[in-house]
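Undergrad: Position one of the sequence shown corresponds to residue 24 (the numbering used here), numbered consecutively onward.
Where a beta carbon is used, it is the ideal one built from N, C-alpha and C, also for glycine.
Owing to the predicted nature of the structure, the values given are computational and were not obtained by experimental measurement.
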Amino acid sequence: MASASSKVGGLAMAVRVLTPLAVGSVGYAAWRVNWPVLVRSFLTGPGRTSRILLLFFVLFNWKNMPFAWTYRIFYSIVYHHFLRKSPQLPPRALFKPIITETRAPLLEIDYNLHKSNSTYFTDLDVSRTHLVSYLCQRGLHKLTDNKATKLVLDPATGHPVGGSMGIMLGAVSCSFKREIGAYRGYELWSRVLCWDRKWLYVMTHFVPKGAARPTEWLDPPSRPGGWTSGEHQLGNEAANVGDIDLTEDGEWGWRRVEAQRRHGMDMVGQFRTMDDMHALFDGGSNGALGKFGPC
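Following this line, the structure appears as structure tokens:
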């Protein structure tokens, strides 16, 4: 997750300054180019077959070209923060999925002729960035001036926390159910599952394109004592929300949101124990099978 809330203000300034320069430079370069001659030379000049085939190869595999991942990530951030800001969202939107579409190009296909397992993670990066940028856009902007907004307080002093706050990827766990064929279109449905003091847990489903249709296209409600009070800054964790039935529709007040968060924490409990596996690394003190490469 390539973003830091403390740098949103700097990114905004960079976008405002660099965008006119970039547009002006591209426009001037396009104006200076003799397009009819360039296109004619490209399509009819020596080596045209190789150039045309290379052009089609790049177009059909653009998401795997150099710097394409970086472009996809930063486009997601810029799009939701500056180009199309998210509207005021109702409380129930917190756990709703965001849908992104893509395909499995040739460069993502393995020897089984379907999408390689290792390539799922780049799609997950982009989908998570869309989700966090859309849901947390207003909060991230407020965090750029934490001293004034006082969104994050030091538990020891009660004063606003200074310095930077980054959003980093802690761990990923995948369960593969069915293969994705070459150039098959699919959707990533990413939603907030739950959160604790340190982590935001996001769940993503890979779905065949068009297989599911949302019935509707949709900020958490106020809570007594706030959402960041208590020992773990998760509010009053002793609050009783056991009477909330999440299987039935109901008003999305703070108790229902908290019940949904606790339900998600129960589901990710086994994944959280994976952090304990770091203690199993012995640095080779008990030997190793061998060393091979390159990887």
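By DSSP, does Trp-218 sit in helix, in strand, or in coil?
TA: Within the sequence shown, the letter at position 195 stands for residue 218. Looking at Trp-218 - three-state DSSP - the assignment turns out to be strand.
Undergrad: Can the beta-carbon of Asn-57 be found closer than 8 Å to that of Leu-130?
TA: Reading the sequence shown from its first residue, position 34 is the one you call residue 57. Reading the sequence shown from its first residue, position 107 is the one you call residue 130. It is not a contact, given that the beta carbons lie outside the stated cut-off.
Undergrad: Let's see if you can read the secondary structure: which residues bound the beta strand (DSSP E) around Thr-125?
TA: The sequence position of residue 125 within the sequence shown is 102, counting from 1. From DSSP, the beta strand (DSSP E) with Thr-125 extends over 121-126.
Undergrad: Can you grab the Cα-Cα spacing for the pair Arg-284 / Ser-141, in whole Å?
TA: By one-based count along the sequence shown, residue 284 stands at place 261. By one-based count along the sequence shown, residue 141 stands at place 118. Arg-284 and Ser-141: Cα-Cα distance of roughly 30 Å.
Undergrad: Can you say whether Val-155 is buried or exposed, counting buried as having 16 or more other CB atoms within 10 angstroms of its CB?
TA: Position 132 of the sequence shown holds residue 155. By the 10 Å Cβ count, Val-155 comes out buried.
Undergrad: Measuring alpha carbon to alpha carbon, tell me which residue in Leu-44, Val-46, Arg-207 and Ser-198 is nearest Lys-138.
TA: Position 115 of the sequence shown, counting from 1, holds the residue named residue 138. Looking at the Cα atoms, Arg-207 is the closest of the given residues.
Undergrad: Give the straight-line distance between the Cα atoms of Leu-117 and Leu-163, rounded to the nearest whole angstrom.
TA: Taking the first residue of the sequence shown as position 1, residue 117 is located at position 94. Taking the first residue of the sequence shown as position 1, residue 163 is located at position 140. Looking at the two C-alpha atoms, the distance is approximately 15 Å.
Undergrad: For the beta strand (DSSP E) holding Thr-227, just list the boundary residues, first then last.
TA: Position 204 of the sequence shown holds residue 227. Residues 223-231.
Undergrad: In the DSSP assignment, find the alpha helix (DSSP H) that holds Phe-79 and state where it starts and stops.
TA: The sequence position of residue 79 within the sequence shown is 56, counting from 1. Residues 71-83.
Undergrad: Have a look at Ala-205 and Ala-127 and give me their C-alpha separation to the nearest angstrom.
TA: Position 182 of the sequence shown, counted from the start, is the residue given in the question as residue 205. Position 104 of the sequence shown, counted from the start, is the residue given in the question as residue 127. So the two alpha carbons sit approximately 6 Å from each other.
Undergrad: Kindly indicate which residue of Cys-159, Arg-74, Leu-136 and Thr-67 has the alpha-carbon position closest to the one of His-103.
TA: Within the sequence shown, numbered from 1, the residue matching residue 103 stands at position 80. The option with the nearest alpha carbon to His-103 is Cys-159.
Undergrad: Going by DSSP, which residues form a beta bridge with Ser-213?
TA: Residue mapping note: residue 213 aligns to position 190 of the sequence shown, counting from 1. Beta-bridge pairing links Ser-213 to Ile-121 and Thr-227.
Undergrad: Is it buried or exposed for Pro-43, if we count other Cβ within 10 angstroms and need 16 for buried?
TA: Locating residue 43 in the sequence shown gives position 20, where the first residue counts as 1. Classification for Pro-43: exposed.
Undergrad: Can you tell me whether His-182 is helix, strand or coil according to DSSP?
TA: Counting from one through the sequence shown, the residue named residue 182 turns up at place 159. DSSP places His-182 in coil when its eight states are reduced to three.
Undergrad: Excluding the 5 residues preceding and the 5 following Gly-193 in the sequence, name in chain order all residues of the same chain whose CB lies nearer than 7 Å to its CB.
TA: On the sequence shown, position 170 is the one that residue 193 refers to. So the list reads Trp-222, once near-sequence residues are dropped.
Undergrad: Could you tell me the boundaries of the alpha helix (DSSP H) in which Ala-91 lies?
TA: Taking the sequence shown and counting its residues from 1, the one referred to as residue 91 is at position 68. 91-101 is the span of the alpha helix (DSSP H), which, as asked, contains Ala-91.
Undergrad: What is the C-beta distance between Thr-335 and Ile-100, in whole angstroms, given that I count them as a contact (C-beta under 8 Å)?
TA: In the structure as shown, the chain starts at 24 and stops at 318, and residue 335 therefore has no counterpart that could be examined.
Undergrad: Considering only their Cβ atoms, is the gap separating Arg-74 from Phe-65 smaller than 8 Å?
TA: By one-based count along the sequence shown, residue 65 stands at place 42. By one-based count along the sequence shown, residue 74 stands at place 51. It is a contact, given that the beta carbons lie within the stated cut-off.
Undergrad: Smallest Cα separation from Arg-201: which of Val-215, Val-149 and Leu-136?
TA: On the sequence shown, position 178 is the one that residue 201 refers to. Comparing Cα positions, the closest option is Leu-136.
Undergrad: What residue range is occupied by the uninterrupted alpha helix (DSSP H) comprising Thr-145?
TA: What you label residue 145 is simply residue 122 of the sequence shown in a count that begins at 1. Counting along the chain, the alpha helix (DSSP H) containing Thr-145 begins and ends at 143-158.
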